[in-house]
Amino acid sequence: MSSKVYDIVVFGATGYTGSVVVEQLAQYCATVSNITWAVAGRSDTKLEKLLANVADSSGLEFVRRIPRVQASLERPESLLEMAKQARIVLNCVGPYALYGEEVVTACLDGEAHHLDISGEPVFLESTQLNFNERAKEKGVFIIGACGFDSVPSEVGVQYTMENFPGQVNEIESILRFSGETGKIHFGTWESAVNSFGQRNEVAEIRKKLYPCPLPPPAHRQKSRGMLFFDNTVSAWCLPFLGCDQSVVYRSQRYLHSKKEIANPVQFKPYFGVSSLFTALLVLLMGAILGFLAKFEKMRSCLLKYPGLFTFGLVSHEGSTRQQLKSSSFEATFIAKGYDRTSDRSAPPNKTLITRIRGPNPGYITCAICIIQAAVTLLRDLDKMPNEGGVYSPGAAFWKTGYLKRLQESGLVFETVPSAQEDEAEKKSN
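Counting in the numbering used here, the sequence shown runs from 12 upward without gaps.
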């Protein structure tokens with residue numbers, strides 16, 4: 012890829028999420044002088060306006076001079092030309108089930124690595140099924156789910172495994188949001204609706220993708236049901252219906268196949284809310300969305316009237332930048348496993364709790380995650396898997412400095428002292 016013009020090209024830069032990625036990339040590159048980048052989209056006028064707005068809001072005058080590349084889904088040749096100029100394309104155009112394959116194909120033809128922020132299992136897993144061999148032949152990395160879906164879960168599992176005093180059998184994650192709620196942008200809602208509508212397709216894809224099952228664990232992780240109160244986080248918890256569980260599974264499966272880990276870790280994600288009323292309301296909304304999204308006509312209604320079906324939570328404008336800055340997330344990981352000398356036929360006898368904290372999850376943390384994934388691909392290529400292909404983040408970045416870069420970019424990783432350690436510390440004081 013020595014003939015490439017740019018290290019990174021942000022495709023879909025003028026969209027809501029894409030614009031946040033550009034803002035965060037500009038801030039990062041203000042401290043790093045050796046990354047060349049450009050923005051891409053269908054309208055040069057909008058790209059120019061975006062760069063001017065970012066320069067004005069950040070005070071970074073160099074942003075006005077960032078190159079602009081015209082590329083659109085309506086003109087496949089423009090996507091190919093974009094890919095030929097880029098080492099890495101950050102694809103911020105969703106829903107990926109509708110628009111992702113064209114960009115992946117262009118990146119393969121143009122020999123550019125492709126990173127996206129998709130949270131859509133059908134797209135992520137069908138991409139692995141359909142393009143993995145070609146990506147290997149080209150030496151190209153296609154890495155999906157590099158945003159808030161599903162990097163915090165991936166690196167949280169890795170951090171927990173690395174700090175566990177023994178062997179991990181299972182991990183639960185509980186995600187909590189805090190600060191001003193703001194609005195969910197319509198593009199995020201559109202991806203969710205389409206993803207729910209495709210849930211029946213996932214099973215068929217997985218039959219082809221995973222013809223051989225993993226070895227059964229000595230102790231199977233139990234589900235905690237649709238609603239429960241967790242004392243660790245003092246919250247009412249529900250299953251997290253995003254792609255995190257399937258993405259972590261893909262990583263664990265790959266790492267086990269390459270003998271990077273002895274046993275795949277079982278993983279179940281949840282999210283927590285402070286009140287039972289809120290939890291019941293979320294359950295109701297999820298049930299409505301899950302049922303209506305099965306039908307094409309009802310999906311059209313969900314997309315036409317997003318505010319009605321989400322009680323005003325979704326809008327075409329999204330949150331203001333101030334609302335983004337005032338919100339944050341915390342993900343708690345509860346790991347159970349064995350100390351180094353335990354009998355694996357007995358139930359797990361060790362527990363470790365870790366946490367990740369960071370800024371606004373859906374957009375700012377999302378942008379940080381994909382940007383640092385790109386930087387890691389540029390800097391740590393020799394520590395990546397030894398051949399191209401379609402990967403999940405946990406598989407691609409397992410041996411790299413990705414986790415450290417996320418820490419340096421504002422994400423906080425910590426282990427939580429056990430009750431016994433807390434008690435001992437109190438006595439010593």
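All residues carry an ideal CB built from backbone N, CA and C; glycine is no exception. The model shown is predicted, which means the values in this text are computed figures rather than measured ones.
| Item | Value |
| --- | --- |
| Simplified DSSP assignment, three categories, for ALA246 | strand |
| CB contact flag (PHE197, SER326, <8 angstroms) | yes |
| Residue range of the unbroken alpha helix (DSSP H) whose run includes GLU341 | Segment 338-349 is the beta strand (DSSP E) holding GLU341; no alpha helix (DSSP H) there. |
| CA-to-CA distance, ILE381 to ARG368, given in whole angstroms | 17 angstroms |
| Boundaries of the alpha helix (DSSP H) in which PHE240 is found, first to last residue | First-last for PHE240: 239-241, but that is the beta strand (DSSP E), not the alpha helix (DSSP H). |
| 3-residue-minimum beta strand (DSSP E) runs that sit fully inside the segment 175-247, ordered along the chain | 178-190, 239-241 |
| Residues near GLN256 by beta carbon distance below 7 angstroms, same chain, minus five either side | PHE278, LYS279, PRO280 |
| Outcome for VAL179 when other beta-carbon atoms lying within 10 angstroms are tallied against a minimum of 16 | buried |
| For GLN96 and PRO87, the rounded distance between their alpha carbons | 15 angstroms |
| Three-state class that DSSP yields for LEU363 in the structure shown | strand |
| Length of the line joining the Cα atoms of PHE22 and ALA229 | 45 angstroms |
| At least three beta-carbon pairs within less than 8 angstroms, the segment 123-132 to the segment 91-111 | yes |
| Nearest-angstrom Cα separation, counted from PRO428 out to ASN174 | 12 angstroms |
| Proximity of VAL74 and ALA82 at Cβ, strictly below 8 angstroms | no |
| Burial state of MET395, where buried means 16 or more other Cβ atoms lie within 10 Å | buried |
| Whether ALA407 touches VAL32 by CB criterion (8 angstroms) | no |
| Where GLU215 falls, given that 16 or more other Cβ within 10 Å makes a residue buried | exposed |
| The segment 153-162 / the segment 398-405 touching (three or more Cβ pairs under 8 angstroms) | yes |
| Cβ shell of TYR39 (< 7 angstroms), same chain only, five flanking positions each side left out | ILE382 |
| Nearest neighbour of ALA94, chosen from GLU113, LEU109, ALA108, PRO106 [CA to CA] | GLU113 |
| Among SER14, ASN360, PHE320, SER353, the one whose alpha carbon lies nearest that of GLU92 | SER14 |
| Meets three-Cβ-pair contact criterion under 8 angstroms: the segment 36-51 and the segment 129-138 | no |
| Inter-stretch contact (C-beta, 8 angstroms, three-pair minimum) for the segment 203-212 and the segment 107-123 | yes |
| Check whether ARG416 and VAL386 have beta carbons under 8 angstroms apart | yes |
| Every unbroken alpha helix (DSSP H) within the segment 359-422, with a cutoff of 4 residues, ordered by chain | 377-390, 404-407, 413-419 |
| Reduced DSSP secondary structure (H/G/I, E/B, other) of GLY318 | helix |
| Sequence-distant residues of its chain with Cβ nearer than 7 angstroms to GLU432 (five each side left out) | Interpretation of GLU432 is limited by its pLDDT of 47, a score under 50 that renders its predicted location unreliable; no figure is taken from the coordinates. |
| Closest by C-alpha distance to GLN111, when choosing among ARG145, LEU71, ILE153, GLY70 | As written in the sequence, residue 111 is Gly, which differs from the Gln given in the question. Of the listed residues, the one whose Cα sits closest to GLY111 is ILE153. |
| Residue interval of the beta strand (DSSP E) (run including VAL21) | 17-22 |
| For VAL151, three-class secondary structure by DSSP | coil |
| Beta-carbon contacts of GLY421 that lie in its chain and below 8 angstroms, excluding the five residues immediately before and after | GLY369, PRO370, ILE379 |
| Residue ranges of each beta strand (DSSP E) within the segment 276-337, 3 or longer | 277-284 |
| Residues near GLY9 by beta carbon distance below 8 angstroms, same chain, minus five either side | Any answer about residue 9 is impossible in this case: the structure gives the chain only from 12 up to 440. |
| Beta bridge counterpart(s) of ASP127 as assigned by DSSP | ASN102 |
| Closest residue to THR25 among VAL423, LEU392, GLU328 (Cα-Cα distance) | GLU328 |
| Nearest residue (CA-CA) to VAL80, options ARG53, SER164, SER268, VAL133 | ARG53 |
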